[in-house]
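Residue numbers (the working numbering): 2 to 294.
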């Protein structure tokens, strides 16, 4: 099992200088990948734009995104991600997510939470067909187009797509449709139980998911959170405070627990923007870098 650790930047990568420091540090200190998530109403660059910038500035670092799928025109998204994979020469890692449910993000996404699962069911198979070079026609919530053959196609064939989510329907969908699972805000025990559900759903669908394709996105804090930050986190995600390790020893202990139940791919996200990304990455490398195998 190959343990790999990526770093998620969030709003802290909005400035070119911070993003440059982050990309350089990830490369020099042996981390696996840079991750930019998509939250429309939060600070931070659009992930396609930010990762394109990162791809041009470094030829080695893998580039990951947790990107919104619901509400998008599937042909436009297929074109964007295929183009990015071509421009970064096959270094793109894709996890598609249904999006957060708190206001104003719920309104910005433009699709009610109860309709997002059906949208993913419709859109993800279309993405795969377009990336594979098929001539595709479609008329539905994910877009209307006729007789389209996508160009350019991704360098990676196939371009793998992981899904997030821990709800029962999300686990079933992951088993039916995805190449991997990258949840957040769950315990190692919950993750292990979710993996079993996913693998059973995949088997029922006549497919399998590599044992190397189970990971977790983990927000962490270097020090106890101030009251305002804690209130914001709790309002957006009720379990966020409970499931955020505080201090690098606590983060390492949590990673070891996830590894013990068979999870091997991690995205680590400081919940408070560091004053220096270089210093943050050096401390992170000293604390958990040796876990990579």
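Ideal Cβ placement from N, Cα and C applies to all residues, glycine included.
message = Taking the straight line between their C-alpha atoms, what separation do you get for residue 213 and residue 7?
response = Between residue 213 and residue 7, the alpha-carbon positions lie close to 15 Å from each other.
request  = Below 8 Å on the Cβ atoms is my guess for residue 95 versus residue 182; work out the distance and round it to an integer in Å.
outcome  = Contact between residue 95 and residue 182 does not hold, since the beta-carbon distance rounds to 13 Å and is not under 8 Å.
Inter-residue Cα distance where the pair is residue 199 and residue 178 = Cα-Cα distance, rounded: 10 Å.
task = State the DSSP-derived secondary structure class of residue 264, mapped to helix, strand or coil.
result = Three-state result, residue 264: coil.
ask   = Would you call residue 1 buried or exposed, if buried means 16 or more other Cβ atoms sit within 10 Å of its Cβ?
value = Because residue 1 is not part of the residues shown, which for the chain are 2 to 294, the question remains open.
ask   = Using 9 Å as the limit for Cβ to Cβ distance, is residue 240 near chain C?
value = Chain labels in this structure do not include chain C; a single protein chain is all it has.
request  = In the DSSP assignment, find the alpha helix (DSSP H) that holds residue 88 and state where it starts and stops.
outcome  = Residue 88 -> alpha helix (DSSP H) spans 75–88.
key: Expected contact under 8 Å - CB spacing of residue 72 and residue 156 to nearest Å   = In fact, because the Cβ distance is near 27 Å, the residues do not count as touching under 8 Å.
query = From residue 291 to residue 150, what does the alpha carbon distance come to, in whole angstroms?
reply = In a straight line, the C-alpha of residue 291 is about 45 Å away from that of residue 150.
key: Same chain, Cβ closer than 6 Å to residue 286, five either side skipped, listed in chain order   = So the qualifying residues of the chain are 30.
message = Runs of 4 residues minimum, wholly inside the segment 119–171: which ones carry the alpha helix (DSSP H) assignment?
response = The qualifying runs do not exist here; there are none.
key: Three-way DSSP call (helix, strand, coil) for residue 96 in this model   = DSSP places residue 96 within a strand segment (E or B) once states are collapsed to three.
message = Measuring alpha carbon to alpha carbon, tell me which residue in 122, 108, 176, 84 is nearest residue 132.
response = Minimum Cα distance to residue 132 is reached at 84.
Inside the segment 197–248 only - beta strand (DSSP E) runs reaching at least 3 residues = Complete beta strand (DSSP E) runs here, min 3: 216–221.
query = What number of angstroms, rounded off, separates the C-alpha of residue 51 from the C-alpha of residue 279?
reply = Rounded to whole angstroms, residue 51 and residue 279 show a C-alpha spacing of 18 Å.
task = Determine, using beta carbons only, whether residue 206 and residue 99 come nearer to each other than 9 Å.
result = No, these two residues do not count as a Cβ contact at 9 Å.
ask   = Buried or exposed: which applies to residue 227, given that a residue is buried once 16 or more other Cβ atoms fall within 10 Å of its Cβ?
value = With fewer than 16 Cβ atoms within 10 Å of its Cβ, residue 227 is classed as exposed.
message = Using DSSP's beta-bridge definition, name the partner residues of residue 63.
response = The bridge partners DSSP lists for residue 63 are 34.
inquiry  = In the DSSP output, which residue or residues are listed as bridge partners for residue 177?
reply    = Residue 177 pairs with nothing; no bridge assigned.
query = Would residue 202 be called buried (16 or more neighbouring beta carbons within 10 Å of its own) or exposed?
reply = Looking at its Cβ environment, which holds 16 or more other Cβ atoms inside 10 Å, residue 202 is buried.
inquiry  = Between which two residues does the beta strand (DSSP E) holding residue 9 run?
reply    = Where residue 9 is concerned, the enclosing beta strand (DSSP E) stretches over 5–9.
inquiry  = Taking the alpha helix (DSSP H) that residue 111 belongs to, which residues open and close that run?
reply    = Run containing residue 111: none; DSSP gives neither H nor E here.
ask   = Which of helix, strand or coil does DSSP assign to residue 277?
value = In the structure shown, residue 277 sits in coil (DSSP, three-state: anything other than H, G, I, E or B).
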